[in-house]
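Student: I have a structure here, written as C-alpha cells, and I will follow up with some questions on it.
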Amino acid sequence: RKFYIGLNKLYKYSAGGIPRENVKYTIAKSDEIIKVPKDRKEIITKLLSSNFGKEIWQQLVIKKPNLATRLSYARIHHNRIQALKKFKKNLLENKDENYWQNFFTNNDWIFGYGLNYRFLNTLKDQPNYGGADYTGKGNQKGDYLLSSEAEIKFTVLVEIKKPDTPLLAISMKSKKGIRYRNGAWLLSRNLIGGVSQLQINCKTWMRKAYDPENIEKLSKKNIYTLNPKGILVIGNTNYLDNNREKIETFEAYRRSITNP
Numbered sequence: 001r002k003f004y005i006g007l008n009k010l011y012k013y014s015a016g017g018i019p020r021e022n023v024k025y026t027i028a029k030s031d032e033i034i035k036v037p038k039d040r041k042e043i044i045t046k047l048l049s050s051n052f053g054k055e056i057w058q059q060l061v062i063k064k065p066n067l068a069t070r071l072s073y074a075r076i077h078h079n080r081i082q083a084l085k086k087f088k089k090n091l092l093e094n095k096d097e098n099y100w101q102n103f104f105t106n107n108d109w110i111f112g113y114g115l116n117y118r119f120l121n122t123l124k125d126q127p128n129y130g131g132a133d134y135t136g137k138g139n140q141k142g143d144y145l146l147s148s149e150a151e152i153k154f155t156v157l158v159e160i161k162k163p164d165t166p167l168l169a170i171s172m173k174s175k176k177g178i179r180y181r182n183g184a185w186l187l188s189r190n191l192i193g194g195v196s197q198l199q200i201n202c203k204t205w206m207r208k209a210y211d212p213e214n215i216e217k218l219s220k221k222n223i224y225t226l227n228p229k230g231i232l233v234i235g236n237t238n239y240l241d242n243n244r245e246k247i248e249t250f251e252a253y254r255r256s257i258t259n260p
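All residue numbers for the sequence shown refer to the UniProt record's numbering, where the first residue is 1 and numbers rise by one.
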C-alpha cells in the first residue's frame, strides 16, 4: 500500500516535468526543513518598518544568542570606524574645544584605548573641582571627570585642547618653530600651560574628593580617588613636520612628566 502511494506521488510529480536547470533536491523529514519564502527580505523589512524590531531582536537573543552577540559587536565596530573617520576628517578643520568635548562625550570609548589599557567611563563632563561637590558650582572647571572601569574604580581627569594647538613654540616674526640649542626646541606655552592646569586640577580634586558630599556620592558607585590620573588631549603630532629633533624634544618632555 505505501509503495503504491509513493509511486503515485512520483507519477504526479513527473507529470509536471522537471525544470531544465541546475537545481539540487534534498530528501528530509518535514520537521527538519525550514521553509524560507523568496520574499523573506521584504517580509523582514515590513516587520521592522512596522516597529516589530524589538520583538525580532528579543527572539534572536533567545533563539540565536551567539548570532545576536556577533551582530552587536559588528554594529559597534562599524559605528566606531565611522567615528574615527569623522575624527580624522575634523582634525583638518578648525573646530573649537566645545565641538571636541561633544565629540568625546559621544565617543568616550576612545579614552579606553592606549591609556595603560584601562577602560574608562564618563562620570561627569565639565566637572567643577572647586564647588560644593563634583556636580556643584565652582571656579575651577575641567572638561571630563572619568572613572576607570573595574570592580573598584578610580577617578581620572581629562583636559581637551584644539588639535591645531601648537606643541612647540612659534616665532611671531617667522611663524616657525624656535630652536633652543643642541637640537632642542622650545615647547609651546599652550602645552606647558595645559600640563600645569591639569596638574593643579588633579591636586584640587584630590582635596575636594574627600569632602563628605563627594565621598557619599562616589562611594555609592564604588568610585575612589587616589592621586588621580590626568589625561591631556592636545595638538597634532603631524605639526612636528616629521622633524627628528622636534619629535624627540616633544617625546622627551612627554616621557619626563608622570602626570599627565
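Here a beta-carbon is modelled for each residue, glycine too, at the ideal position from N, C-alpha and C.
If I measure Cβ to Cβ from residue 45 and keep anything under 6 Å in the same chain, skipping five residues before and after, which residues do I get?
Tutor: Indexing the sequence shown from 1 puts residue 45 at position 45. Closer than 6 Å at Cβ, skipping near neighbours: no residue.
Student: Which runs of the alpha helix (DSSP H) fall wholly inside the region 71-132 and span at least 4 residues, in chain order?
Tutor: Runs of the alpha helix (DSSP H) inside the region 71-132: 97-106.
Student: Are residue 153 and residue 147 close, meaning C-beta to C-beta below 7 Å?
Tutor: Within the sequence shown, residue 153 is the residue found at index 153, counting from 1. Within the sequence shown, residue 147 is the residue found at index 147, counting from 1. Contact: yes.
Student: Can you name the start and end residues of the alpha helix (DSSP H) that residue 203 belongs to?
Tutor: Numbered from its first residue, the sequence shown carries residue 203 at position 203. Per DSSP, residue 203 belongs to the alpha helix (DSSP H) from 189-208.
Student: Please report the Cβ distance between residue 108 and residue 122, rounded to the nearest whole angstrom; I am assuming they are in contact, meaning their Cβ atoms lie under 8 Å.
Tutor: As a first step, residue 108 is located in the sequence shown; it is residue number 108 there, counting from the start. As a first step, residue 122 is located in the sequence shown; it is residue number 122 there, counting from the start. Yes, residue 108 and residue 122 are in contact; Cβ-Cβ is about 4 Å, under 8 Å.
Student: Whose C-alpha, out of 244, 215, 58, 218, is nearest the C-alpha of residue 179?
Tutor: As a first step, residue 179 must be located in the sequence shown, where it is residue number 179. With distances taken between Cα atoms, residue 179 lies closest to 244.
Student: Classify residue 249: buried if its beta carbon has 16 or more other beta carbons within 10 angstroms, exposed otherwise.
Tutor: Against the sequence shown, residue 249 aligns to sequence position 249. Buried, because 16 or more other Cβ atoms sit within 10 Å of the Cβ of residue 249.
Student: Output needed for residue 232: all residues of its chain with C-beta closer than 7 Å, excluding positions within five of it in sequence on either side, in chain order.
Tutor: Here residue 232 corresponds to residue number 232 of the sequence shown, with the count starting at 1. Taken in chain order, the residues that qualify are 159, 194, 195, 198, 260.
Student: Check residue 174 in the structure and name its three-state DSSP category.
Tutor: Numbered from 1 along the sequence shown, position 174 holds the residue referred to as residue 174. The answer is coil: DSSP assigns residue 174 none of H, G, I, E or B.
Student: Residue 161 and residue 234: beta carbons closer than 7 Å?
Tutor: For the purposes of this step, residue 161 is taken as the residue at position 161 of the sequence shown. For the purposes of this step, residue 234 is taken as the residue at position 234 of the sequence shown. Taking 7 Å as the Cβ cut-off, residue 161 and residue 234 qualify as a contacting pair.
Student: Just curious, the beta strand (DSSP E) that residue 149 is in, first and last residue?
Tutor: As a working mapping, residue 149 is identified with position 149 in the sequence shown. First-last for residue 149: undefined, no H or E at that position.
Student: Starting from the C-beta of residue 57, find all residues in its chain whose C-beta is less than 8 Å away, skip the five residues before and the five after it, and write them out in chain order.
Tutor: In the sequence shown, counting from the first residue as 1, residue 57 sits at position 57. If we look at residue 57 and ignore the five residues flanking it on each side, its Cβ neighbours are 68.
Student: Quick check on the burial criterion: 16 or more other C-beta atoms within 10 angstroms. Buried or exposed for residue 53?
Tutor: For the purposes of this step, residue 53 is taken as the residue at position 53 of the sequence shown. Label assigned to residue 53: exposed.
Student: What residue does the alpha helix (DSSP H) around residue 212 start on, and which one ends it?
Tutor: Locating residue 212 in the sequence shown gives position 212, counting from the first residue. It spans 212-219 - the alpha helix (DSSP H) in which residue 212 sits, taken as one unbroken run.
Student: Going by the CB atoms, is the gap between residue 229 and residue 156 shorter than 7 Å?
Tutor: Taking the first residue of the sequence shown as 1, we reach residue 156 at position 156. Taking the first residue of the sequence shown as 1, we reach residue 229 at position 229. Against a cut-off of 7 Å, the Cβ pair of residue 229 and residue 156 comes out as a contact.
Student: Does the region 164-172 come into contact with the region 180-189, if we say contact requires no fewer than three beta-carbon pairs (one atom in each stretch) closer than 8 Å?
Tutor: The region 164-172 is in contact with the region 180-189.
Student: Take residue 189 and list the residues in its own chain whose beta-carbon comes closer than 8 Å to its own, dropping the five residues that flank it on each side.
Tutor: Your numbering for residue 189 matches position 189 in the sequence shown. Only 169 meet the Cβ criterion.
Student: With distances taken from CA atoms, which of 246, 101, 97, 79 is nearest residue 184?
Tutor: As a first step, residue 184 must be located in the sequence shown, where it is residue number 184. Answer by Cα proximity: 246.
Student: Would you mind giving the Cβ-Cβ distance between residue 163 and residue 102, rounded to the nearest angstrom? I have them listed as a contact below 8 Å.
Tutor: Here residue 163 is taken as the residue at index 163 of the sequence shown, counted from 1. Here residue 102 is taken as the residue at index 102 of the sequence shown, counted from 1. Actually they do not touch by this definition, with Cβ atoms about 14 Å apart.
Student: Tell me whether residue 238 sits in a helix, a strand or coil according to DSSP, three-state version.
Tutor: The residue given as residue 238 occupies position 238 in the sequence shown. Three-state result, residue 238: helix.
Student: Quick one: measure Cβ to Cβ for residue 206 and residue 227, integer angstroms, because I've assumed they're closer than 8 Å.
Tutor: Start at 1 with the first residue of the sequence shown, and residue 206 comes out as number 206. Start at 1 with the first residue of the sequence shown, and residue 227 comes out as number 227. Right, their Cβ atoms sit about 7 Å apart.
Student: Mark residue 210 as exposed unless 16 or more other C-beta atoms lie within 10 angstroms of its C-beta, in which case mark it buried.
Tutor: Mapped onto the sequence shown, residue 210 falls at position 210. Its Cβ having fewer than 16 others within 10 Å, residue 210 is exposed.
Student: Residues in its own chain within less than 6 Å of residue 125 by CB, not counting five upstream and five downstream?
Tutor: As a position in the sequence shown, residue 125 is number 125, starting the count at 1. Only 105, 144 meet the Cβ criterion.
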